[in-house]
Amino acid sequence: LLDGALPPHLRDPNLIAPDSILGADDVAQLLLEAQYPLDGREKPIDLLYHLGMEQNRWTAVVWLIKKLVDEYPARHALKQQLAGVGSMWQKVPNLEDCIEQPLNFEVQDAISSEESLQSPSLDDMLDGLYPINEERHAWRGHEALGQVWRTLGAMVKSCVGNDIRPEVLEIIAYLHHREVMPPAIYQAEPSSDKCAIQQSPLIPLLSSRILTSLSDAAWRAHEKLVIEEARAYGDVSASRPEIRGSVFRVHVAGLRAEVWMELILWSCLYGGWTREGALLLTSLLQDQTNPWTPLSWAHYQKSLDETHSTEPSDWRAWEFLFKTRSTASMNDAPPPNRSIVRTISGEVVNAYVDAFPCDVNLGVGDRGTPIGLVIDSLHSMRSSLMRQDQSLSFGTWEAIVLRLVDTHSAMPEIDSHVVQRMIALSNGFGEGLSTSNNRDLPAYVKDGSTAMQGILHRALYGQVASGSFEGALEVFKQIQMRADQDILKAVASFFGKLTRGGDIRRKENSMFHAMSSSSLFANNFPTIEYPSFHVQIPTTTLAPFLEQITEARAFEFGRWLIYKADVDGPVIPQSAYTDATLQPALIRFAAASGDRDLLSQFRKKALTQASLSSILISQIQARRWDDATEAMNHISSTPGVSFGSGPLAVAIRTMLWQSSDARKGKDGSAMNLAQAQSVVRKLARRHVRRELRAVESATSPLSLLAVLAAVTRRWFEFALRLCNVEKHHLFQLDTSKFNIVLEGIVAAYGSSAGRRVLGVFWPHAARRAHDTAFNTRIAIRSSDEYDSRRLVFYGAVQPDINTILIILRKALEELQSSPDRASPAEQQPGVQTSPDPTSSTEQHPATSSQIFRDGDELLDVSPRGMVTWGIRRLAQLPYVQRDIVRQLDEFLEEQGMDELRKELPEIYQDV
Numbered sequence: 001l002l003d004g005a006l007p008p009h010l011r012d013p014n015l016i017a018p019d020s021i022l023g024a025d026d027v028a029q030l031l032l033e034a035q036y037p038l039d040g041r042e043k044p045i046d047l048l049y050h051l052g053m054e055q056n057r058w059t060a061v062v063w064l065i066k067k068l069v070d071e072y073p074a075r076h077a078l079k080q081q082l083a084g085v086g087s088m089w090q091k092v093p094n095l096e097d098c099i100e101q102p103l104n105f106e107v108q109d110a111i112s113s114e115e116s117l118q119s120p121s122l123d124d125m126l127d128g129l130y131p132i133n134e135e136r137h138a139w140r141g142h143e144a145l146g147q148v149w150r151t152l153g154a155m156v157k158s159c160v161g162n163d164i165r166p167e168v169l170e171i172i173a174y175l176h177h178r179e180v181m182p183p184a185i186y187q188a189e190p191s192s193d194k195c196a197i198q199q200s201p202l203i204p205l206l207s208s209r210i211l212t213s214l215s216d217a218a219w220r221a222h223e224k225l226v227i228e229e230a231r232a233y234g235d236v237s238a239s240r241p242e243i244r245g246s247v248f249r250v251h252v253a254g255l256r257a258e259v260w261m262e263l264i265l266w267s268c269l270y271g272g273w274t275r276e277g278a279l280l281l282t283s284l285l286q287d288q289t290n291p292w293t294p295l296s297w298a299h300y301q302k303s304l305d306e307t308h309s310t311e312p313s314d315w316r317a318w319e320f321l322f323k324t325r326s327t328a329s330m331n332d333a334p335p336p337n338r339s340i341v342r343t344i345s346g347e348v349v350n351a352y353v354d355a356f357p358c359d360v361n362l363g364v365g366d367r368g369t370p371i372g373l374v375i376d377s378l379h380s381m382r383s384s385l386m387r388q389d390q391s392l393s394f395g396t397w398e399a400i401v402l403r404l405v406d407t408h409s410a411m412p413e414i415d416s417h418v419v420q421r422m423i424a425l426s427n428g429f430g431e432g433l434s435t436s437n438n439r440d441l442p443a444y445v446k447d448g449s450t451a452m453q454g455i456l457h458r459a460l461y462g463q464v465a466s467g468s469f470e471g472a473l474e475v476f477k478q479i480q481m482r483a484d485q486d487i488l489k490a491v492a493s494f495f496g497k498l499t500r501g502g503d504i505r506r507k508e509n510s511m512f513h514a515m516s517s518s519s520l521f522a523n524n525f526p527t528i529e530y531p532s533f534h535v536q537i538p539t540t541t542l543a544p545f546l547e548q549i550t551e552a553r554a555f556e557f558g559r560w561l562i563y564k565a566d567v568d569g570p571v572i573p574q575s576a577y578t579d580a581t582l583q584p585a586l587i588r589f590a591a592a593s594g595d596r597d598l599l600s601q602f603r604k605k606a607l608t609q610a611s612l613s614s615i616l617i618s619q620i621q622a623r624r625w626d627d628a629t630e631a632m633n634h635i636s637s638t639p640g641v642s643f644g645s646g647p648l649a650v651a652i653r654t655m656l657w658q659s660s661d662a663r664k665g666k667d668g669s670a671m672n673l674a675q676a677q678s679v680v681r682k683l684a685r686r687h688v689r690r691e692l693r694a695v696e697s698a699t700s701p702l703s704l705l706a707v708l709a710a711v712t713r714r715w716f717e718f719a720l721r722l723c724n725v726e727k728h729h730l731f732q733l734d735t736s737k738f739n740i741v742l743e744g745i746v747a748a749y750g751s752s753a754g755r756r757v758l759g760v761f762w763p764h765a766a767r768r769a770h771d772t773a774f775n776t777r778i779a780i781r782s783s784d785e786y787d788s789r790r791l792v793f794y795g796a797v798q799p800d801i802n803t804i805l806i807i808l809r810k811a812l813e814e815l816q817s818s819p820d821r822a823s824p825a826e827q828q829p830g831v832q833t834s835p836d837p838t839s840s841t842e843q844h845p846a847t848s849s850q851i852f853r854d855g856d857e858l859l860d861v862s863p864r865g866m867v868t869w870g871i872r873r874l875a876q877l878p879y880v881q882r883d884i885v886r887q888l889d890e891f892l893e894e895q896g897m898d899e900l901r902k903e904l905p906e907i908y909q910d911v
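Just so we're aligned, residue 1 is where the sequence shown starts under UniProt numbering, counting upward by one.
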């Protein structure tokens with residue numbers, strides 16, 4: 001396709017001539033689509049690199065790049081209208097004079113022409129802003145120039161160890177001539193602020209050599225062009241085809257590839273091509289065969305003796321290192337004891353660490369770089385710096401993480417996997433104190449804060465709120481691991497005695513030495529306890545997390561949280577037992593795990609309303625019906641105390657479990673079923689009485705009865721007697737409460753029944769957007785066509801990971817225990833192969849058949865079909881823990897469901 005943009009003499013003779021000639025805009029679009037394919041599964045291709053390095057068509061490469069540069073001038077070369085504004089302020093000597101006397105900017109001197117005195121309109125001033133009001137043509141041109149820089153970087157990388165190809169230098173010279181290369185890279189001056197971003201002195205020191213090499217490359221390219229034109233017209237001498245006088249020109253010493261790579265990286269940074277420069281830098285650092293390493297010029301300069309200075313007056317050693325000359329001309333002093341092969345400055349790595357987070361995609365259109373790609377690049381830069389005993393010279397990695405969080409491209413409560421990759425950038429306690437490139441900075445600048453801990457707390461809360469126990473457990477492990485590592489590092493770094501594999505290698509780098517030298521121990525201040533030595537999970541997050549642990553029956557882990565005997569103490573200390581938020585969860589855990597000692601802690605404590613509800617829930621779960629009735633009576637007689645919807649949800653689940661046992665004829669199940677029905681009636685009637693008095697707290701219990709009514713005809717009749725059929729109701733139910741009832745449904749009637757009930761309260765209209773869920777109308781009718789009774793609700797449930805997993809786990813059990821494991825293609829679609837033997841009253845109220853529809857599509861409710869449905873629904877949810885996906889993959893491999901295994905990578909992203 002690119003041949004269509006070339007003149008006839010540069011086209012490939014083996015290809016058919018194109019029908020139309022491509023313009024510069026078409027070439028830019030081709031280059032960008034090949035480098036950034038829309039389909040992520042396609043491999044990116046650098047067409048210009050392939051055309052030059054692989055096909056050796058360098059003349060075509062140079063011609064195409066010149067065409068792009070001529071079509072799209074660089075932005076910094078166009079915006080010179082406000083260049084004189086800064087000179088006005090330079091007339092003010094200092095701030096004191098500025099505030100003590102009036103300012104006279106003398107605008108007529110700064111802006112001479114009358115045309116410049118005309119104020120531009122607001123539209124003119126905003127028209128060039130990127131990327132809001134920028135034209136697509138200009139945006140594509142900027143991206144195309146960035147691709148040119150990225151191609152040049154790849155070409156220079158391939159020339160390491162050899163001479164730089166003259167065509168590459170010719171292209172760089174042309175970019176320099178057309179002002180695409182920002183001139184500011186030659187004017188960098190060191191800042192007095194040690195925390196500021198510094199540019200390495202390499203480019204300013206070698207600026208004259210760089211310009212000489214570029215001039216030589218441009219001249220030789222011109223000479224070559226003249227010779228080719230002369231040969232084309234036959235106006236050349238056979239013996240001397242050169243331009244007259246060119247044979248007497250002195251050969252200019254070349255520069256190493258490392259110099260040109262440094263020049264390209266700083267040009268991308270100054271010119272606004274941050275993404276292209278960062279991706280080029282990442283490719284250098286991630287090279288598996290010959291990785292590039294960062295060289296800290298600040299640390300290097302300090303390590304040199306007086307004979308090897310970096311001052312322009314004496315830089316022979318640096319000239320020896322970075323120039324490629326013949327052996328006979330190298331009679332200078334021996335170079336410094338440092339190899340510069342495949343090195344880039346640590347300063348440019350620091351600059352990209354600071355700049356690349358600003359290019360994150362904010363979710364508005366296609367602008368910016370995906371946050372996952374930014375984090376991957378930052379990890380590569382951090383690893384390369386750490387391998388060379390370097391860190392950030394301008395701040396901390398924790399500050400970079402906070403900047404990424406502030407972009408809101410990833411929310412800790414939702415994108416837990418992305419947040420964990422962010423947190424992995426953080427060094428932890430005292431890890432950056434011993435790096436070689438920032439020892440002049442005070443320790444409080446290099447050491448991070450506890451912000452990472454707060455971000456992980458948000459991630460833990462998000463996983464708990466989404467119902468993912470596995471995800472919450474992984475986030476908690478990372479919180480605990482960071483706390484343990486910080487304690488270990490604190491003790492070791494305090495005395496400077498860390499092991500060889502640690503980070504504190506010398507005693508003078510220890511925290512003890514730093515504080516002693518600052519006379520911090522001479523003051524009578526109380527000791528300061530570093531906050532991240534403890535997990536410090538807020539009780540508002542710890543309470544639902546403990547509820548999840550109780551529901552998952554992970555009692556050993558719960559006991560570890562309460563009774564941990566480590567040096568930092570338990571995660572839930574005794575001082576938190578009186579917390580109104582945490583107390584109900586502790587009571588439920590103690591009752592479910594049979595921990596009498598823990599229960600005894602609450603006998604003489606004042607119990608809150610939620611704690612009393614937890615006691616009632618525990619009695620219902622244990623099927624102690626008399627004690628449950630007693631607890632209900634006590635709560636009813638206590639002024640200002642209500643039940644909440646939790647006890648009713650647990651009672652309905654227990655009732656459904658007992659109905660399943662009763663159908664199977666288990667001993668005592670009939671009596672337990674009758675007792676459970678009695679408890680459900682008592683709880684529901686109390687809520688209905690509140691609903692008649694217009695108490696809003698009754699909305700959730702009525703929604704629970706609606707879920708029960710949608711199960712079978714029997715439970716429709718049961719729930720109808722407890723509801724007010726003459727009114728329409730709002731369906732407002734927490735997903736966690738819905739999941740409790742759903743557990744009872746799938747245990748009693750199978751995964752297909754759970755899927756059908758979920759489809760009733762999560763219709764397609766509610767799946768399109770969250771705001772439409774509150775306008776969805778749900779009508780639950782009797783299976784008798786002559787029965788006009790119905791329950792009408794407005795609203796819907798929004799399922800989480802746990803909702804789908806409840807149905808999926810039951811489907812996996814059914815698939816393992818089903819004697820017939822035929823594929824869905826061999827069965828009738830939508831027909832359950834082994835339905836539970838139920839009476840006519842056990843039919844669901846909507847229909848008596850087992851053929852269900854999911855929108856306009858028939859739903860396969862066989863165990864295998866339900867597994868397929870569950871996995872595809874998981875792929876639609878924001879995040880699924882990788883351990884769950886790994887277990888599903890093993891099961892699907894065992895069942896021979898290879899087609900479904902291909903969809904598993906879409907469910908999660910590895911950390």
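Note that CB positions come from ideal geometry on N, CA and C, so glycine has one too.
Proximal residues to residue i (C-beta, below 8 Å), its chain only, five neighbours per side dropped
{"i": "His137", "result": "Asp25"}
{"i": "Arg685", "result": "Leu722"}
{"i": "Val475", "result": "Ser416, Gln420, Leu456, Ala459, Leu460, Gln463"}
{"i": "Asp359", "result": "Thr274, Arg275, Ala278, Gly368, Thr369, Val374"}
Neighbourhood of residue i by C-beta distance below 7 Å, restricted to the same chain and skipping five residues each side
{"i": "Leu425", "result": "Leu378, His379, Arg382, Trp397, Ile400, Val401"}
{"i": "Ser519", "result": "Below a pLDDT of 50, predicted positions are generally treated as unreliable, and Ser519, at 46, falls in that range; no measurement from the model is reported."}
{"i": "Pro570", "result": "Leu561, Ile562, Tyr563, Lys564"}
Beta-carbon gap between residue i and residue j smaller than 8 Å
{"i": "Ser393", "j": "Trp297", "result": "no"}
{"i": "Phe738", "j": "Tyr794", "result": "no"}
{"i": "Val152", "j": "Arg209", "result": "The amino acid occupying residue 152 in the given sequence is Leu; Val does not appear at that position. No, these two residues do not count as a Cβ contact at 8 Å."}
{"i": "Arg653", "j": "Ile740", "result": "yes"}
{"i": "Leu456", "j": "Trp273", "result": "no"}
{"i": "Gln548", "j": "Tyr577", "result": "no"}
{"i": "Gln583", "j": "Thr550", "result": "no"}
{"i": "Ala811", "j": "Val867", "result": "yes"}
{"i": "Leu6", "j": "Trp58", "result": "no"}
{"i": "Ala154", "j": "Leu269", "result": "no"}
{"i": "Ala631", "j": "Gln619", "result": "yes"}
{"i": "residue 912", "j": "Met261", "result": "This structure gives no information on residue 912, because the portion of the chain shown stretches from 1 to 911."}
Continuous alpha helix (DSSP H) stretch holding residue i: start and end
{"i": "Pro166", "result": "166-177"}
{"i": "Ile801", "result": "801-817"}
Limits of the unbroken beta strand (DSSP E) element including residue i
{"i": "Ser611", "result": "Careful: Ser611 lies outside any beta strand (DSSP E), inside the alpha helix (DSSP H) at 609-621."}
{"i": "His50", "result": "Run containing His50: none; DSSP gives neither H nor E here."}
{"i": "His729", "result": "729-731"}
Residue i, buried or exposed, once every other Cβ within 10 Å from all chains shown has been counted against 16
{"i": "Asp898", "result": "exposed"}
{"i": "Ser593", "result": "buried"}
{"i": "His142", "result": "buried"}
{"i": "Tyr461", "result": "buried"}
{"i": "Val650", "result": "buried"}
{"i": "Lys489", "result": "buried"}
{"i": "Glu228", "result": "exposed"}
{"i": "His764", "result": "exposed"}
{"i": "Phe557", "result": "exposed"}
{"i": "Val168", "result": "buried"}
Cut-off 6 Å between Cβ atoms - residues of its own chain near residue i, not counting five sequence neighbours on either side
{"i": "Arg178", "result": "Val69"}
{"i": "Leu708", "result": "Ile652, Trp715, Ala719"}
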